[in-house]
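Mapping to the working numbering: the sequence shown position 152 is 202, numbers consecutive.
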Amino acid sequence: MQKGRPREFDVEQVLDKALKVFWEHGYEGASLTDLTEAMGISRPSLYGAFGSKEELFKLALERYEQKGPGSLYRDAIAQPTARAVVEKLLTGCAMFLSDPSNPPGCLAVQGALSCGEAAESIKQELCRRRSMGEKELRDRFERAKAEGDLPADADPDALARYTMTVAQGMAVQATSGASREALLAVAEMALQAWPVAKEKTR
């Protein structure tokens with residue numbers, strides 16, 4: 051039996067190039083021509099290696115989360131206090147979103163906002179991933195409340211939603227050209243409103 055021809059490209063390298071196209075144009079805005087030209091491969095090679103545009107996007111999204119937001123969330127959740135979690139997350143977002151080596155904004159946020167009915171499955175996938183991030187924050191804040199790190203009347207669900215809303219709003223602002231200083235100011239304002247547990251009196 052004759053073996054198929056080996057791939058003449060590095061999968062990770064072309065995936066990084068596809069990621070940049072999706073990041074700049076969104077899922078629906080990225081045409082197959084845009085993708086194949088950026089990746090330097092033919093359409094048959096794209097389909098042969100990745101199956102479909104949808105599967106290529108999901109792989110690019112995995113890579114995006116590994117290289118940026120995914121590691122940022124892991125580092126934030128591991129912080130010793132709830133306030134430190136939020137500080138790490140929001141200041142990290144400001145730095146990541148304003149990195150001149152990246153396209154502006156957040157792939158996950160922009161991708162969901164720009165998806166039409168034809169890309170409903172992609173929109174649902176992006177929403178699912180954001181919901182998972184919010185759940186991780188909620189679980190962390192529930193632990194903080196149980197440990198006395200948050201006030202007894204704190205609402206972990208509302209705090210997680212608030213934090214995610216600020217982070218997503220920063221992503222939209224970054225897409226519109228907001229500077230690093232402006233994004234860090236938003237993060238600082240959010241931290242000023244953060245609830246603090248009262249010290250126990252002896």
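Virtual Cβ for every residue (Gly too), placed ideally from N, Cα, C.
- Going by beta carbons, Lys67 and Ala88 fall inside the 7 angstroms limit.
- In the three-state DSSP reduction, Val64 falls in the helix class (H, G or I).
- Under the three-state reduction of DSSP, Gly198 is assigned to coil, being neither helix nor strand.
- In the structure shown, Thr86 falls within a helical segment according to DSSP collapsed to helix, strand and coil.
- Per the C-alpha coordinates, the member of Trp244, Leu233, Leu65 positioned closest to Gly155 is Leu233.
- The alpha helix (DSSP H) runs lying completely inside the segment 91 to 122 and spanning 4 residues or more are 93 to 100, 103 to 117, given in chain order.
- Taking Val64 as reference, the option from Gly90, Trp73, Ala237 with the minimal CA-CA separation is Gly90.
- When DSSP states are grouped into helix, strand and coil, Trp73 belongs to the helix group.
- Setting aside the 5 residues that flank it on each side, Cys143 is surrounded in the same chain by Ala217, Met220, each with a C-beta closer than 6 angstroms to its C-beta; the list follows chain order.
- Ranked by how close their Cα comes to the Cα of Met239, the residues Arg188, Thr141, Gly183 have Thr141 in first place.
- In the three-state DSSP reduction, Gln129 falls in the coil class, being neither helix nor strand.
- Taking a C-beta distance under 7 angstroms as the contact criterion, Lys108 and Ala126 do not qualify as a contact pair.
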